[in-house]
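In order, the protein sequence lines correspond to chains A and B. Per this note's numbering: the first sequence ends with 515, consecutive numbering throughout. Per this note's numbering: the second sequence ends with 267, consecutive numbering throughout. These notes concern the structure reproduced below.
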Amino acid sequence: MKKSALGLGLLALLVLLVAPQFLKNYGIYLLTYWLVFIIATMGLNLTVGYAGQKSLGHAAFFGIGAYTVAILLKAGVSFWLGLPAAALICFVVGIILGFPALRVQTIYLAFATLGFNTAVWLVMRNEEWLTGGTFGINNIARPSVFGASLDGNLAYYYFTLVMALLLAALLWGLLRGPWGKAFTALRDNPIRAESLGVDTRAYTLLSFAIGAAYAGVAGGLFASLVQYIEPGPFAVGSSIMMYLMVVVGGPGYFFGPVLGAAVGVLLPEWLRFAQAWYLFVFGVVVVLMMIWLPDGLLSIPDRIRARKQSRLASETRAKAAQAAGAKA
Amino acid sequence: MTHARNHNHDRPEGSPLLKVSGLKKAYGAIQAVGGVSFEVQPGEIFGVIGPNGSGKTTLFNSMLGQIRPDAGTIELNGEDVTRLGPLELNRRGVGRTFQTLQVFGKMSVRDNLIVAAQEHQGSMFSRIFAPTDSGLGAKADALIDQFRIRPVAHQKAGELSYGQQKLVDIAMAFMSEPDLVLLDEPCAGVNPSLVGGISRLLKELNSKPAIGSTRSFVVIEHNMDFVMDLCHRIMVMVEGQVLAIGTPAEIRANRQVLDAYLGE
Chain A
188 MKKSALGLGL LALLVLLVAP QFLKNYGIYL LTYWLVFIIA TMGLNLTVGY AGQKSLGHAA
248 FFGIGAYTVA ILLKAGVSFW LGLPAAALIC FVVGIILGFP ALRVQTIYLA FATLGFNTAV
308 WLVMRNEEWL TGGTFGINNI ARPSVFGASL DGNLAYYYFT LVMALLLAAL LWGLLRGPWG
368 KAFTALRDNP IRAESLGVDT RAYTLLSFAI GAAYAGVAGG LFASLVQYIE PGPFAVGSSI
428 MMYLMVVVGG PGYFFGPVLG AAVGVLLPEW LRFAQAWYLF VFGVVVVLMM IWLPDGLLSI
488 PDRIRARKQS RLASETRAKA AQAAGAKA
Chain B
4 MTHARNHNHD RPEGSPLLKV SGLKKAYGAI QAVGGVSFEV QPGEIFGVIG PNGSGKTTLF
64 NSMLGQIRPD AGTIELNGED VTRLGPLELN RRGVGRTFQT LQVFGKMSVR DNLIVAAQEH
124 QGSMFSRIFA PTDSGLGAKA DALIDQFRIR PVAHQKAGEL SYGQQKLVDI AMAFMSEPDL
184 VLLDEPCAGV NPSLVGGISR LLKELNSKPA IGSTRSFVVI EHNMDFVMDL CHRIMVMVEG
244 QVLAIGTPAE IRANRQVLDA YLGE
């Protein structure tokens, strides 16, 4: 990693550690909400950004994770068992959802995953005996760690921050190694990848499974954060919003979800001053970004670099032409 | 550092590396390949030529597991690989290049080479813990030097010129030290000044490669001078049939070939 990037990362970490001290309860809650969505979209960024699988079903995994933790907590199971269970169940369901991706791609895959999301959402809404239906599940407890309660918003924020950092480190380790290259190869050119021995089937399924597991953990953290869940936040609209977060941040950029989730979660709050106009302003911002920054916010440094390179190249050519002219 | 496995250790002494027998493939009423048989010996550069529609590409795609032949067998190192897909074939030591550029544009040149061989190292699980370059850095550097692409080694492959990308593309096929490399029109779209360079490189890769041992190639190519200069033996196909197989000198002297294809 470049020194400047490392410095920026450390500064961001410092801000994340210190900022809540200056925020009121709602601000801390909102930051935690943002962290939860960073975790969820980190997973989606793997599926969509790195492996190139167009999934519009991510909110379903987010919901499965949330309901798993909530139901298990109600059954008296520890949060510390519930959270890994949420990840595991989502991993397995993620593999199953990956199978259509072996047959169809692009918009067809998007619709297949969208159908899956709707089906899961219907289960959440209709199977009252399990999920509480539209009434949902309330009074979801927050865990304690080594005897220290995480009930307070500040404590839960720091807990979520640690989880986000751990999961980010895990993903970073995975993506900078052979798996990261294999996912990118799968995204950029699956036929070529296969001809080089990349098991595109396995990596496709894994990209869904790992992405889903991240959403599952995020869902579990979400359930304990909001302490009341109902099917609403896990509908197709949320999947589209998460996809938007990945695209806005920069698909295939490791830190894309940090910015993308900020746009999706924090920006609407900052736009509250616009009152009734806030959704309109948000919509306009998104439209403008899609026009000028289709590769996301984190593509800006790459764009500047590319522009600089092409300017340098044209200057070199001009000088060479001038030199040739002088000789002649 | 781990080493790519020796793909051909099971091959009986003196037997061909590749043996294609009675291969047939029809599309509806059109017999694209109508019973083609040939052998490629270890270390041999084998050219396949023929006019458009002669069945070269169908033959190639069958040999690469892209399409299933209707009849016939393909043996690699004595093993029947007729029904295997591209992935299994690659794992058994078959490398390939495509007619069009197929590099991973957003990865660096060096990473393109590393990803081209990393899946031959260890198991999927063990690769989670493998170093970033899968222990293939030295091998990638050797090929980068052999292909004379050192100055662009750390640039994104998609940002290079067509000729440079072509070199990366070819180098990728050699990273996993395959026994057999199938080259689909390696000169297509290439500047004439680079054609000689590619020919020189392929000869080098055949006789004294920077990594691994001697390679065998099957080359489909329209550039006749290139094929005549490079290949040890050439197969001429016309309308899905083998018209002749022989050395470049024999092919040049073959009356039938001249009439049917070379038109001289």
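Think of the CB as a built atom: it goes at the ideal place given N, C-alpha and C, for glycine as much as any other residue.
Every alpha helix (DSSP H) stretch that sits fully inside the region 249 to 328 of chain A and reaches 4 residues is listed by chain position as 266 to 290, 293 to 313 and 315 to 318.
Note on ASN64 of chain B: 16 or more other CB atoms within 10 angstroms of its CB, so buried under the neighbour-count rule. Residues of the region 370 to 389 of chain A with a C-beta atom less than 7 Å from some C-beta of chain B are THR371, ALA372, ASP375, ASN376, ARG379, GLU381, SER382, LEU383, GLY384, VAL385, ASP386 and ALA389, listed in chain order. Residue contact with chain A for MET66 of chain B: absent (no Cβ-Cβ distance below 8 Å to any residue of chain A). For LEU186 of chain B, the enclosing beta strand (DSSP E) has its first and last residue at 183 to 187.
The Cβ-Cβ distance between LYS59 of chain B and GLY53 of chain B falls below 8 Å. Chain B has a Cβ within less than 8 Å of the Cβ of ARG363 of chain A. The region 74 to 89 of chain B makes no contact with the region 359 to 371 of chain A, as fewer than three CB pairs between them are under 8 Å. Beta-carbon to beta-carbon, THR100 of chain B and ILE173 of chain B are separated by about 6 Å, close enough to satisfy the 8 Å threshold.
Inclusion of PHE177 of chain B and GLY98 of chain B in the CB contact set at 8 Å is warranted, their separation being smaller than that value.
Residue state for ASP489 of chain A is assigned as helix, using DSSP reduced to three classes. The continuous alpha helix (DSSP H) containing GLN167 of chain B extends over residues 165 to 177. Out of A:LEU362, A:PHE303 and A:CYS277, the CA that lies nearest to the CA of PRO134 of chain B is found in A:LEU362.
Secondary structure note for ARG236 of chain B: its beta strand (DSSP E) is the uninterrupted segment 236 to 241. In the three-state scheme derived from DSSP, where H, G and I count as helix and E and B as strand, SER196 of chain B is classed as helix. At a cut-off of 8 Å between beta carbons, ASP114 of chain B contacts chain A. What GLY108 of chain B touches in chain A, judged by beta-carbon distance under 8 Å, is ASP375, going in chain order. Scanning chain A for C-beta atoms nearer than 8 Å to the C-beta of GLN121 of chain B yields PRO365, LYS368 and ALA369, reported in chain order. The region 67 to 87 of chain B and the region 24 to 33 of chain B touch, with no fewer than 3 CB-CB distances between them shorter than 8 Å. In the same chain as LEU301 of chain A, and ignoring 5 residues on each side of it, the C-beta atoms closer than 8 Å to its own belong to LEU243, GLY244, VAL423 and SER426, in chain order. Between the region 123 to 130 of chain B and the region 209 to 226 of chain B, the count of C-beta pairs closer than 8 Å stays below three; the two stretches do not touch.
Between VAL245 of chain B and VAL43 of chain B, the C-beta gap is not smaller than 8 Å, which leaves the two residues out of contact. Boundaries of the alpha helix (DSSP H) harbouring ARG374 of chain A: 365 to 375, taken from the DSSP string. At least one C-beta of chain A is nearer than 8 Å to the C-beta of LEU90 of chain B. Between the beta-carbon of ILE416 of chain A and that of ALA262 of chain A there is about 15 Å, and that puts the pair past the 8 Å contact cut.
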